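Residue numbers (this note's numbering), protein chains in the order written: chain A, 4 to 65; chain B, 293 to 424. Glycine included, every Cβ here is placed at the ideal spot set by N, Cα and C. These numbers come from a predicted model, not from an experiment.
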């Protein structure tokens, strides 16, 4: 599973810590998702998409 | 309180408990050891409440679950094997310390299996094993 979180975060000028806080997870989880080492649950994926105001297919690719 | 501060406080508390328990063992005072552990546990609970950042999320829980399964998969067979070795190597001396140790280890392995089965069944029911 690939994702564009790093790009979207950079576009918004958001740090990993900011995103973690808004998604309600730890910074380590955001780092792992960005690196593709951890596949988030559907709930967390939707939360991340909501932060960026994007559809799930615009953030995650399978 | 930030997560960084919490990490330092956690290390300090662990050191405090370790030092107090060591002193308690040296002066042979079980109450002091017990008090240190209880004070440490209560303090950690109170401190955790003041941490504003997220400490546990789905990835942490996932890692914890995998670690727990791995720990279970290793400890139960090892305990069972050790208990068999202790019991069968001391069959002629039933009631000896080593034989009793084997029995104790086998009961610990059984208790772990029971706890694991109980929670496995509980979570299976919680998440609907029949697909209902």
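Exercise. Tell me, please, whether the CB atom of residue 351(B) is closer than 8 angstroms to any CB atom in chain C?
Key: The structure shown contains no chain C; its protein chains are A and B.
Assuming residue 320(B) contacts residue 44(A) (C-beta within less than 8 angstroms), just tell me the rounded distance between them.
In the second chain, residue 320(B) corresponds to position 28, counting from 1. In the first chain, residue 44(A) corresponds to position 41, counting from 1. About 51 angstroms; that fails the 8 angstroms criterion.
| task | Take residue 328(B) as the anchor and find which of 307(B), 359(B), 346(B), 417(B) has the nearest alpha-carbon. | result | Here residue 328(B) corresponds to residue number 36 of the second chain, with the count starting at 1. Here the closest residue by C-alpha is 307(B).
Note to self: Which residues in chain B have a C-beta closer than 7 angstroms to the C-beta of residue 47(A)? List them in chain order.
What the structure shows: As a working note, residue 47(A) is residue 44 in the first chain. Here the neighbours are 350.
Query - Any chain A beta carbon closer than 8 angstroms to residue 346(B) - result: Indexing the second chain from 1 puts residue 346(B) at position 54. Yes, contact with chain A.
Which same chain residues, not among the five before or five after residue 46(A), have their C-beta less than 8 angstroms away from its C-beta? In the first chain, the residue the question calls residue 46(A) occupies position 43. Hits under 8 angstroms: none found.
- Message: Pull the bridge partners of residue 46(A) from the DSSP assignment, please.
- Response: Within the first chain, numbered from 1, the residue matching residue 46(A) stands at position 43. Answer is none; residue 46(A) lacks a bridge partner.
Cβ neighbours of residue 33(A) in the same chain (closer than 6 angstroms, five flanking residues each side left out): Within the first chain, the letter at position 30 stands for residue 33(A). Excluding positions up to five away in sequence, the list reads 19, 22, 23.
Is there at least one Cβ from chain B nearer than 8 angstroms to residue 29(A)'s Cβ?
-> To locate residue 29(A), count along the first chain from 1; it is residue 26. Cβ-Cβ to chain B under 8 angstroms: yes for residue 29(A).
- Item | Distance, residue 6(A) Cα to residue 51(A) Cα | Within the first chain, the letter at position 48 stands for residue 51(A). Within the first chain, the letter at position 3 stands for residue 6(A). Straight-line Cα distance between these residues: approximately 11 angstroms.
- request: Please name the residue or residues paired with residue 63(A) in a DSSP beta bridge.
  value: Numbered from 1 along the first chain, position 60 holds the residue referred to as residue 63(A). DSSP, once it has assigned bridges, lists 6(A) as partnering residue 63(A).
Distance between beta carbons of residue 372(B) and residue 403(B), contact taken as under 8 angstroms: For the purposes of this step, residue 403(B) is taken as the residue at position 111 of the second chain. For the purposes of this step, residue 372(B) is taken as the residue at position 80 of the second chain. That pair is no contact at about 12 angstroms.
I'd like to know whether the C-beta of residue 32(A) is nearer than 8 angstroms to at least one C-beta of chain B. Here residue 32(A) is taken as the residue at index 29 of the first chain, counted from 1. Residue 32(A) counts as touching chain B.
Under 7 angstroms by beta carbon: chain B residues contacting residue 41(A):
Here the question's residue 41(A) lines up with position 38 in the first chain. Going along chain B in sequence order, the residues near residue 41(A) (Cβ under 7 angstroms) are 351.
Does the beta-carbon distance from residue 398(B) to residue 365(B) come in below 8 angstroms? For the purposes of this step, residue 398(B) is identified with residue 106 of the second chain, where counting begins at 1. For the purposes of this step, residue 365(B) is identified with residue 73 of the second chain, where counting begins at 1. Taking 8 angstroms as the Cβ cut-off, residue 398(B) and residue 365(B) do not qualify as a contacting pair.
Report task. Starting from the Cα of residue 310(B), find the closest Cα among 297(B), 332(B), 299(B), 387(B) and give me that residue. Result -> Here the question's residue 310(B) lines up with position 18 in the second chain. Answer by Cα proximity: 332(B).
| said: Can you give me the C-alpha to C-alpha distance between residue 313(B) and residue 339(B), rounded to a whole angstrom? | reply: Your numbering for residue 313(B) matches position 21 in the second chain. Your numbering for residue 339(B) matches position 47 in the second chain. Approximately 21 angstroms between the Cα atoms of the pair.
- Go ahead and label residue 367(B) buried or exposed: buried means 16 or more other beta carbons lie within 10 angstroms of its beta carbon, across all protein chains shown. Mapped onto the second chain, residue 367(B) falls at position 75. Looking at its Cβ environment, which holds fewer than 16 other Cβ atoms inside 10 Å, residue 367(B) is exposed.
Taking the alpha-carbon positions, what's the residue 11(A) to residue 335(B) distance?
One-based indexing of the first chain puts residue 11(A) at position 8. One-based indexing of the second chain puts residue 335(B) at position 43. So the two alpha carbons sit approximately 41 angstroms from each other.
C-alpha distance - residue 343(B) paired with residue 298(B), whole-angstrom precision: Counted from its first residue, the second chain places residue 343(B) at position 51. Counted from its first residue, the second chain places residue 298(B) at position 6. About 7 angstroms.
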